[in-house]
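In my numbering, the protein residues as written are 1 to 158.
Structure record follows, encoded as structure tokens.
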Amino acid sequence: MEILQCRHIPSRDYISKSNAQAERAVRSVLEGTRVNLLQAGLNHWRWPHVARHWCFMQNVLATGAGGNKSPWELRFGSKFEGPLIPFGCLFDYWNGPRKKNKDGLQFDPTSSPGLFLGYAIHPEFMWRKEFMVVLTKDFIENEANGTASILRVLKTNK
């Protein structure tokens with residue numbers, strides 16, 4: 001089986017001097033993940049979500065001078081239509097009729113506060129307007145041991 005190499009990363013097997021671009025890309029992901037973890041005030045349990053969010057934001061934001069197109073624009077032909085939300089941002093998400101508190105009052109809110117963990121991306125890099133969220137109450141109670149459950153939600157309010 002033949003392994004194809006990317007043309008934009010000219011790396012040769014067993015020659016460490018030729019993999020500078022690949023090493024720099026890995027370093028950028030590590031640095032971005034570290035900074036986002038620090039800014040969100042989260043512990044290391046969430047590093048996979050932070051790294052995924054950082055990489056996603058690098059793909060939807062245009063970088064460089066002079067109106068360059070983002071990788072998202074180059075692939076899909078239009079800008080990313082979703083909101084650009086920082087990792088760990090506190091926002092409300094809609095519970096839906098099934099999750100509504102049955103013991104609550106009629107005018108209790110139909111949303112709950114949660115922490116934003118990223119965008120739920122489907123195969124072929126398709127985004128169907130789903131967000132990954134951890135319930136704030138669950139986060140406070142279970143984050144120390146890393147067992148806070150992650151939800152996929154559709155409707156949010158930053």
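In this text, a Cβ means the ideal position worked out from N, Cα and C, and glycines have one as well.
Being a predicted model, the structure only gives us computed values, none of them experimental.
Can you list, in chain order, the residues of its chain whose CB lies under 7 Å from that of residue 54, leaving out five sequence neighbours each side? 29, 32, 33, 36
For the candidate residues 51, 76, 27, 49, whose alpha-carbon lies nearest to that of residue 126? 76
Mind checking who residue 115 pairs with in its DSSP beta bridge? 90, 134
In the structure shown, what three-state DSSP assignment does residue 120 receive? strand
Which same chain residues end up closer than 8 Å to residue 41 when comparing Cβ atoms and leaving out the 5 residues on each side of it in sequence? 88
Tell me, which residues are paired with residue 152 by DSSP? 132
For residue 120 and residue 49, I'd like the C-alpha separation in whole angstroms. 10 Å
Alpha carbons only, please: which of 27, 24, 139 is nearest the one belonging to residue 117? 139
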